[in-house]
Each structure stands twice: as structure tokens, then as C-alpha cells.
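So the structure is just underneath, and the comments pick up after that.
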Amino acid sequence: MSGSVLERWRAGLAVGELRLPRCGGCGRLVAHPRPRCPWCTSAEQTDEILSGIGTVYSFTVIRRAQGAFAGTEPYAVGYVRLSEGPMLLARLDALDLADLAVDVSVLVTPDPEGRLTFRLVDPSSDVPTSSPPARNPRS
Amino acid sequence: MVSARIAGAYEHPLRRITDATVPEVLAQVAYGALDDAGLGLEDVDGFFTSEVPGLGNLGMAEYLGLDDLSWLDTTEGGGASYPMHVGHAAAAVAAGKCRVALVAMAGLPLSGAGTRGRRAPADDYEGPLGLTIPGSYALAARRHMHEFGTTAEQLAEVKVAAAGHAQHNPHALLRTPVTVEDVVASPLVADPLHRLDCCVTTDGGGALVVVAEDVARALPRTVKVLGHGESLKHERGGEVDLTWTGAARSGPRAFADAGLAPADVDYVSIYDSFTITVLMSLEDLGFCAKGQGGRFVEGGTLSSPHGALPFNTDGGGLCNNHPDMRGGMIRTIEAVRQLRGEAAGPVQVRDPRIALVQGHGGSIGTRATAATLLLGAEDA
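First to last, the sequence lines map onto chains A and B. Under my numbering, think of the first position of the first sequence as 104, with each following residue one higher. Under my numbering, think of the first position of the second sequence as 13, with each following residue one higher.
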């Protein structure tokens, strides 16, 4: 039931929770979710809420967008290496997009549209931690 | 045909499916047939489908976990597709192009979920992010710059060479020579790629005729197909590595097929959707070491006829033509022109014997197919 998998994914992201299935066969995270593990083909999976901590592997600032995204530029998209291992494509938020760089630390942030969105870690208010961060550290 | 056998078969048990997507059903029957054959996903090196979600069968290969395939076939013959695929698979197996071919199909017409279109399974997750095609190539460019110190000026060298060639092609869309400064001063489309790092978008098309050896003997201007290699590269379940393209897989296969090495090549037609595509392809094909592409293209290496490795002498997709946003046909045609000695006079390579064509489909920043051809002149 990929519809419900996708709905859970989006609902989680809307409140800043990143979920991925962990394979019961080989123990790897299944990214993106799908009914069978692409590494070992096991169908045994349990959903896991991840830390939401990662680093930027590569990114781009889109300055000319198409279709539904036209007129919303500039915005940044990039690959984030999750602290749990896999890399996922995501929106990258920053007050100033010029602050984005390869290797900077990022945190999952709630996205009302259910997109996977990370924001730059703010060293002044984000306490480095290996456990899931507070959902909204500024409030 | 006698050199191949059907080892596994599986028919989905349901006739109305309301709780699964087309990719899910296709995965179910694929695994079912492999189980029936007593084989695993890791045994599969050939993948045959008609039109399925995603570009060709690239998106489905990623979804299933099929990785280093050596044969991709998406022949679309409607209801006849699958016996066609079996025939093609038998031919591919007989030719040594693959050993275990998976032929799979699925559709959900009762629920209105068609199989058509380019939406890959991963688009459920990535589509809402708004990553454009230039943006996805920009991801590869950014990482290349980070890892190897490649500069915007080095990427620009690729466009400068293509534009230098296009001025001699009366049909090229863009015929004005440009400088490195022009490229880096053009507006950013998706950092770090500028407008002049991007190919043109054109209508049009092209065609080729491939014939048997005995037919060729009676024809005056034929070009030999000496070698072929193909593969794909995708996000591998989150193990992304943007430092190489599928050419690192397809290229060595084509060279081995032809019994040739990069040093034998006199002319290259390299897929130039963006400047970074060329630079990384040159590394992956072995024309220079990994990470050295930027340095390699400096100083007119790609310019014809005096550069060490003349490329895209029609102006390529960067300046001449990129019809339907698919450049592989036109790149191949220019390689044929070179080997026949029919390229534009000022950019004709002197007596070229071996040409290489590199194609990519999709995006090297996310998921892409790759194909390499080695072509030879009459006397090659």
C-alpha cells in the first residue's frame, strides 16, 4: 500500500518527523520507502523515526523553475547524508541561501506541504545532539 | 534462439487490484518469476519492459534494486511487446550482452492507473521538491567542484569548443563563438551552472539505418559498429555518489566489446546536455583520470581539428541541436559524418578511423541510463 506509506511519509514531514522503513531482513533503511528492500528483497519492515540530522552532500539554488514552481525561485535543493547513513534529496532552507555549502549540518524542519525539508543548523540555538532534536527549538 | 531458454515464469494471481500501484505489481511479478527460476535479483543483468513508470525502465530498475545492468530493453510493441522481448533477450544472451534477462510487465487499467509516462517511483518523494533538470546536473557539478577543485571556467571550456565548431554548421541554432568569460558571465540557471553551460532545446529528430554485413558490402559509405556498452546509474537506495556517471560502466564494456582503448579514439561525440556531462564522461571513459576532467579540457583539447580529442564538431547539443531534449541521435549522426569525412570542412578530423559516441538519458544527478558506441571507418 504505497499510498499509505506515502501519506505517512508526508504527514510525518509536515510536523518535522522523517520516517523510513528499516528492513527486517538485512537491517538497512529502505530509502525511499517501497514494499521490498532493494538490497535483500525482504518484505519485512518496521517504520522508524529518524534523528533528522544530516550534512549537505551537494546542493543547487534553482534560479529558473518550471511549471508549478515557476515564480517561487530562488530555492535550494540538495542531497543530505542522514546521520543514519542514506542520502536523500531534499529542500534546503536557510535565511540566506548564500550560507549553504557542502558539508554543512542541517536538521529536518516541518514542511506544511509534506516535502522533505532541512534547514541549516544554527550554532547559537541548536544544541548538538545525537538524539532527535526538539521539534521547534526556537519556540 | 536455441542458445537461450526460459527459466522462470509467474502470473499475478489477482484480476482486480485495488491496493497496489503499478510499480508494486510489477515488482511482485518480477520477484515471482525470479523465485520460480530459483534466481535472485543479484543474478539479473538484463531488464526488458515495455513502457513502465519512469524513463524507459530506469525508474523501475532503481525501485526493484537492479543495479549494474548490462542490457536495457524497453521495446514498445503493445501487446506483442513480451514475445518481442523474449526474442530480444535470446539474441542478447546469444551475443553475450547479458546472462539473466528479466522480462516484466504490469498495468492497472480497471483503476485507471496507466503505465504511461515518465514519472518514476521516486518522483512521489522527489517531485514535490522542484528540482529542475539543470538543477539536478548542477548537483553533480557542485560535488565535482568540491571533490576535485573543478572550476566554472573549466566547465566553460566545453561550451567554448562546441561554439567554435557550431560557427561552421549552417544549421546550428547558436552559431556565435563564445569565450570563457561569456559563459561565466551568463546568468546562473541553477548554481553552479550558468545559462551557457546548458544545451539548447530544439524540435526535430534524426534517424539511422543499421544493416547486416552482406547488405553493407553493396553500399558505398558505411560505418562499422565496433563495440557497444550500456548500463544505468541511480540513487542506489540512498547510496548516492555523484562523482561518476554511468559512462564508467558502459564505456569499459564498449571498449572491451571492440577490443579498443581510449588511445585508439580519433573523435568523440559526447552527450552535452550540460558542460558537466561532458567533463565527467571524459573521465569515466578513461580519456583522463577521475577528477582531472577540468584540467583536461583546458587549452582547447576538445577543439577540432587541432585539439588532442576533437568533440561534437556539429556544435553538439550545447549549440547545434538537442531535439525532444534527447541528444543521442544527433551525437551519433555527427560521429558517422566524421568517419565518412563529411563533417564541415574546418572541423573535419584528418582521416579518423575510430569514433566514440557517449549517450546519457535522464539526469546524472539522480538517475540516468548510459550507452557507449565505438564506430569505425571503412578501413578500421
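Quick reminder that beta carbons are idealized off the backbone N, C-alpha and C, glycines included.
By the 16-neighbour rule on beta-carbons within 10 angstroms, Q169 (chain A) is exposed. Contact of T144 (chain A) with chain B is assigned, a C-beta pair being separated by under 8 angstroms.
Per the DSSP secondary-structure output, R194 (chain A) pairs in a beta bridge with A:V180, A:T220.
A Cβ-Cβ separation of about 6 angstroms places T381 (chain B) in contact with G258 (chain B) under the 8 angstroms criterion.
The closest CA to that of E74 (chain B), considering only B:E251, B:S123, B:G119, is found on B:E251. V34 (chain B) counts as buried, since no fewer than 16 other beta carbons sit within 10 angstroms of its beta carbon.
The residue among B:D253, B:T234, B:R265, B:L254 with its C-alpha nearest the C-alpha of H240 (chain B) is B:R265. Interface annotation for the stretch 138-170 of chain B against chain A: E138, P140, L141, G142, L143, T144, G147, A150, L151, R154, R155, H158, criterion Cβ-Cβ distance under 7 angstroms. Taking 8 angstroms as the cut-off between beta carbons, the residues of the stretch 67-82 of chain B near chain A are E74, Y75, L76, G77, in sequence order. Following the DSSP letters along the chain, one finds W112 (chain A) inside the alpha helix (DSSP H) bounded by residues 105-117. Look at H177 (chain B) here: in three-state DSSP terms it is helix. The beta strand (DSSP E) runs lying completely inside the stretch 135-182 of chain A and spanning 3 residues or more are 148-152, 156-165, given in chain order.
For A45 (chain B), not one C-beta of chain A is nearer than 8 angstroms to its own C-beta. In the DSSP annotation of this structure, the continuous segment of the alpha helix (DSSP H) that includes L291 (chain B) starts and ends at 287-296. Three or more pairs of CB atoms, one per stretch, sit closer than 8 angstroms, so the stretch 175-185 of chain B contacts the stretch 326-334 of chain B.
Taking C-beta atoms under 8 angstroms as the contact rule, A21 (chain B) and A45 (chain B) qualify, at a distance of about 6 angstroms. Note that the C-beta distance between V196 (chain B) and A152 (chain B) is not below 8 angstroms. Between G181 (chain A) and S161 (chain A), the beta carbon gap of about 6 angstroms places them in contact (Cβ cut-off 8 angstroms). Under the Cβ criterion of 8 angstroms, E23 (chain B) is not counted among the residues facing chain A. The three-state reading of DSSP puts C211 (chain B) in coil, since its state is none of H, G, I, E or B. B:D203 is the residue among B:A173, B:H97, B:G139, B:D203 whose C-alpha sits nearest the C-alpha of A164 (chain B).
For D326 (chain B), the three-state secondary structure derived from DSSP is coil. For D363 (chain B), the number of other beta carbons within 10 angstroms of its own is below 16, and it is reported as exposed. When DSSP reads this structure, G371 (chain B) sits in a beta bridge with B:A383. The three-state secondary structure of Y279 (chain B), taken from DSSP, is strand. In its chain, beyond the 5 residues on either side, R233, V235 have a beta carbon closer than 7 angstroms to the beta carbon of R352 (chain B). About 6 angstroms separates the CB atoms of G249 (chain B) and A134 (chain A); that is less than 8 angstroms, so the two are in contact. R166 (chain A) belongs to the set of residues whose beta carbon lies under 8 angstroms from a beta carbon in chain B. By the 16-neighbour rule on beta-carbons within 10 angstroms, G66 (chain B) is buried. Ranked by Cα distance from A19 (chain B), the first of B:R111, B:N69, B:L78, B:A107 is B:R111. In terms of Cα proximity to M190 (chain A), the closest of A:E176, A:D199, A:D206 is A:D206.
Between the beta-carbon of S316 (chain B) and that of V361 (chain B) there is about 6 angstroms, and that keeps the pair under the 8 angstroms contact cut. Residues P138, R139 of the same chain have their beta carbon placed closer than 7 angstroms to that of A146 (chain A), with the five preceding and five following residues left out of the count.
Non-local beta-carbon contacts of G388 (chain B) in its own chain, meaning distances under 6 angstroms to residues more than five positions away in sequence, involve K236, L238, I366 in chain order.
Taken through DSSP and simplified to helix, strand or coil, L70 (chain B) comes out as helix.
For L51 (chain B), the secondary structure class from DSSP, reduced to helix, strand or coil, is coil.
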